[in-house]
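Following: one structure in structure tokens, then a few remarks.
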Amino acid sequence: MTEDLTPAQAYAAALARNAEQATALAPFREMYEFGLDPFQIEACKALEAGKGVLVAAPTGSGKTIVGEFAVHLALTQGRKCFYTTPIKALSNQKYADLVRRYGAAKVGLLTGDNSVNGDAPIVVMTTEVLRNMLYAGSQALSGLGYVVMDEVHYLSDRFRGAVWEEVIIHLPESVTLVSLSATVSNAEEFGDWLDTVRGDTEVIVSESRPVPLWQHVLAGRRMYDLFEEETDHGGRGASRREVNPDLLRLARTENTRTYNPRDRRRGKMVREADRERERRQRSRIWTPGRPEVIERLDAEGLLPAITFIFSRAACEAAVQQCLYAGLRLNDDDGRRRVREIVEARTAAIPSEDLHVLGYYEWLEALERGIAAHHAGMLPTFKEVVEELFVRGLVKAVFATETLALGINMPARTVILEKLVKWNGEQHADITPGEYTQLTGRAGRRGIDVEGHAVVLWQRGLDPEHLAGLAGTRTYPLRSSFRPSYNMAVNLVDQFGRHRSRELLETSFAQFQADRSVVGISRQVQRNEEGLDGYREGMTCHLGDFEEYAQLRRDLKDRETELAKQGAAQRRAQAAGSLEKLKPGDVIHVPTGKFAGLALVLDPGIPAGRTNGHRGFEHHDGPRPLVLTAERQVKRLASIDFPVPVEALERMRIPKSFNPRSPQSRRDLASALRSKAGHINPERHHKQRSAAADDRHIARLRTEIRAHPCHGCDEREDHARWAERYHRLQRDTQQLERRIEGRTNTIARTFDRIVALLTELDYLRGNDVTDNGKRLARLYGELDLLASECLRDRVWEGLTPAELAACVSALVFEARQSDDAVAPKVPAGNAKAALGEMIRIWGRLDALEEEFKINQAEGVGQREPDLGFAWAAYQWASDKSLDEVLREAEMPAGDFVRWCKQVIDVLGQIAAAAPKENSTVAKNARKAVDALLRGVVAYSSVG
């Protein structure tokens, strides 16, 4: 190739090579055995040029290479780099990766649980740790040059997302920000915001997966491709993706109703041949069992596989099903290696705890190459599963969706059992973003030529809907940022109220709200131009036509109001008359399809309805069941009775009457006609209209007739323009209200929080009081409640175990609320303190309502949950793991996680509590020591 270059071109190419060799990127590229992708090179060059970067790319595409280049730049320049992750498991994983590359002396770890070499030039940490360092003005920030925010799309998380925005807003301007995100559809919008708050930011978006992904549906014995590739033979070989027609036919066949012996077709029974054809078709369609799926994938060389099941219990059940089916995916050498690794990683766990944790059943499954992975597992067990999976010693993992959150566990195949999951409130379809995140695990770079996503057939599955999930590769990033009490006092302490308010208005949440206002503002401008034209059209030379039109509208509104009142009154009277009916009453149905003579068989009043008061379940009133004179038995509704109805006569209904018997209906209808056929129902006289006697209407009509415009020859033309003006003005006012509701929303929430904190003496103008300085040290959902408990000395005199029980109520949230059973709590002082905490929360809740602070918007203090108090008390009282877990009825992983969160808050309380005349700080530290033992102490991941 170089022979074809002219001397000038060869010289230019040599200069370019020499220039590249002089960059920091050249030696960095040599550290990797594989070549960098174009998007990685583009991002790294932007970083070296001094720009911030936002890299949005699919899972597994290697975007962390850009983060590692920021680490390389920091070390080259003699500066620091903080590498932040959303979860402790990711922090531990990234710490191990960087230690292998740069050595333990240059890398630190800060996760709340662990503090390793925190003064190192490279420190891996959770995002919350960095947020706390920023508010505390930590010395560790000195010399900081780069911050990598891995999985930055986490800022959409409604519980923790605000932390990401706090960090981005408050980082010093001298720090270069590296944001790594999953592929999101509004990366440019997010990049524009970063450009606004952080300065020059390059947005690099890569849509291509490093390993192609094939989508399938497994139904019965057949694996269907989701898409049928149709190649454009016109020259370029581009392909168009259409849903597989075989799959569409299968869905149509399966989702038609099944055969019912009572069905008739043109008056005859369905022919036996049709039924046999249907049976043969259906025998080919079923949802394969879990062991069957794994065996099938193993036979086709598609393992290792991750099966996503949106239930912890179902993950464990899946492992057991595979064991009972005799599934073995490892040979003898693999079994031996598994046992060696597991025994080495669990050597620190006491033997008595191993039995409680289900160790031996877990080990048997691992030896066979099968495992579960979910948040209820002991963290150490989860780490072992991850390690064995990466080594290829576990080939089938059944996992909840938490595994998709960044953990490095790529597989050849990903299986989704269902496209519906429980979101904490209801069963809902998974979103395109969730589908992309889950299936992104399929295809291991450098190992697999292609990845596979398999959805199991379920009755009702819609291939078009699935294709929509698979084809929508992106999802929008939505801010979940909301001010909190702790944030407010920290901001006011550092910047004062006015500057704090301005800072909050730079949040991504406000940026998105303001952008949405732009389109509405343009519509308002267009409407105002239209209003000017309509105003000109309704101008009258005799007087103020706008005033005249308003009188006409007032008249119309008053007449409509009275008409509605009259209709409602008539409906109420009709419903009241229906409630007085009894079986055997003969009535005249005034209107509708069944108008005429009828016999009441059942008044149709719901159970619990008495005299028109509470207990009435049907919004449309009583629905009497009647027999008409034409022998029909029908359930009528209130719409059939626009006027009140009265019984014309009484008849006895024979006990032998059967409404399903034509003969019974005929006989009783005949008796009905004989008994009451001669009676003419009394005609319901129309009542005098309320409008006829309404003084307000009379006054308006007088004013209209007296108005100068009433005599205009073009009055009705002007009136049409006036009506258009009124409708457009009403629409414009609604748009203006929407703008007002979206503009400065974050700042207005901040103002309300500041007002409440001022009321409670946490703030005085721009000054933070001693109470406020205490609150500034308390991070968490119930920060204000914790601060109030310290101020009111609620926890004074408690033992360390009792304090642990009380603090657990600040962090614990039951996965499913159970109001029927009161949680068990320690007796004595702890019980009294917990009761006092609930009372303080009640006072704060009332105060939040007064200051219009809305928990539904993610701001405010939820009610403390006492569900973990007894478990925390028992564990801090040195009870055995077996006893604590048995009484708590809680998985070991959940127990460890909640204990670590209690430990974290206890540490905050120890730092915030008074140092004099108080036992809380000392006992908080003792409670930490009491909790940090056994499974809690040797679990390195929280």
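171 is the number of the first residue of the sequence shown in the working numbering; add one for each residue after it. Just so you know, even glycine gets a beta-carbon here, dropped at the ideal spot from N, CA and C.
I need the straight-line Cα distance from residue i to residue j, nearest angstrom please.
i, j, result
"arginine 835", "glutamine 743", "31 angstroms"
"asparagine 1024", "glycine 1030", "6 angstroms"
"phenylalanine 665", "valine 241", "31 angstroms"
"leucine 350", "glutamate 706", "56 angstroms"
"glutamate 884", "arginine 900", "24 angstroms"
"glutamate 266", "leucine 945", "In the sequence on display, residue 266 carries alanine and not glutamate. If I take the Cα positions, the gap works out to 35 angstroms."
"alanine 984", "leucine 968", "25 angstroms"
"methionine 201", "glutamine 904", "60 angstroms"
"threonine 477", "glutamate 462", "13 angstroms"
"valine 995", "glutamate 972", "10 angstroms"
"tyrosine 1043", "methionine 1007", "17 angstroms"
"cysteine 710", "leucine 721", "15 angstroms"
"aspartate 207", "leucine 243", "19 angstroms"
"proline 878", "isoleucine 690", "38 angstroms"
"phenylalanine 678", "arginine 652", "11 angstroms"
"methionine 393", "glutamate 537", "29 angstroms"
"glycine 616", "glycine 942", "54 angstroms"
"aspartate 127", "valine 560", "Limits of the chain in this structure are 171 at one end and 1112 at the other, which puts residue 127 out of reach."
"tryptophan 891", "glutamate 716", "10 angstroms"
"leucine 527", "valine 590", "30 angstroms"
"arginine 741", "phenylalanine 764", "19 angstroms"
"arginine 432", "leucine 1055", "Reliability fails at arginine 432, whose pLDDT of 46 lies under 50, so the model's placement of it is uncertain and no value is given."
"glycine 1063", "glutamate 412", "44 angstroms"
Shortest alpha-carbon distance to residue i belongs to which of the options?
i, options, result
"glycine 1005", "Val981, Gly1030, Cys959", "Cys959"
"arginine 918", "Met821, Phe1021, Thr872, Asp953", "Phe1021"
"arginine 805", "Pro1061, His848, Asp772", "Asp772"
"leucine 1051", "Ile476, Asp523, His340, Glu335", "Asp523"
"lysine 726", "Leu870, Ser978, Ala807, Gln735", "Leu870"
"proline 824", "Arg907, Leu842, Phe811", "Leu842"
"isoleucine 849", "Glu816, Glu377, Gly288", "Glu816"
"leucine 558", "Val803, Gly546, Thr570, Arg509", "Arg509"
"threonine 932", "Ser957, Thr915, Arg908", "Position check: residue 932 holds tyrosine in this sequence, whereas threonine was assumed. Among Ser957, Thr915, Arg908, the Cα nearest to that of tyrosine 932 belongs to Ser957."
"glutamate 604", "Lys588, Arg615, Asp618", "Lys588"
"leucine 769", "Ser844, Ala719, Arg740, Phe715", "Ser844"
"serine 261", "Thr297, Leu245, Arg249, Thr229", "Thr297"
"proline 1034", "Pro458, Ala719, Ala979, Cys492", "Ala979"
"methionine 657", "Tyr305, Leu280, His866, Ala495", "Tyr305"
"threonine 1117", "Gly232, Gly248, Glu321", "The structure shown does not extend to residue 1117, since the chain is modelled only from 171 to 1112, so the question has no answer here."
"leucine 767", "His544, Thr193, Gln802, Asn287", "Gln802"
"arginine 422", "Val694, Glu886, Pro633, Ala1016", "Pro633"
Can you round the beta-carbon distance between residue i and residue j to whole angstroms, since I take them to be within the 8 angstroms contact cut?
i, j, result
"threonine 371", "lysine 221", "6 angstroms"
"glycine 331", "serine 650", "4 angstroms"
"valine 1114", "proline 851", "Any answer about residue 1114 is impossible in this case: the structure gives the chain only from 171 up to 1112."
"tryptophan 965", "alanine 1003", "6 angstroms"
"glutamate 552", "proline 474", "Rather than glutamate, the amino acid found at residue 552 in this sequence is lysine. Their Cβ separation, rounded to whole angstroms, is 16 angstroms, which puts lysine 552 and proline 474 out of contact at 8 angstroms."
"proline 646", "asparagine 356", "5 angstroms"
Evaluate residue i with the Cβ neighbour count: other Cβ atoms within 10 Å of its Cβ, from every protein chain shown; 16 or more gives buried, anything less gives exposed.
i, result
"asparagine 1093", "buried"
"histidine 386", "buried"
"histidine 888", "buried"
"glutamate 699", "exposed"
"serine 859", "exposed"
"asparagine 500", "buried"
"phenylalanine 681", "buried"
"tyrosine 429", "Any answer about tyrosine 429 is weak, because its pLDDT of 43 lies below 50 and its placement is not dependable; what the coordinates show is given next. So tyrosine 429 counts as exposed."
"valine 1105", "buried"
"threonine 346", "buried"
"isoleucine 607", "Note that residue 607 is glutamine in the sequence shown here, rather than isoleucine. The residue in question, glutamine 607, is buried, as its Cβ has 16 or more Cβ neighbours within 10 Å."
"alanine 219", "exposed"
"histidine 525", "exposed"
"asparagine 660", "buried"
"serine 654", "buried"
"asparagine 828", "exposed"
What does residue i pair with, by DSSP beta-bridge criteria?
i, result
"glutamine 607", "Partner(s): none; glutamine 607 has no beta bridge."
"histidine 622", "Trp384, Thr583"
"cysteine 710", "Gly713"
"arginine 934", "Asp937"
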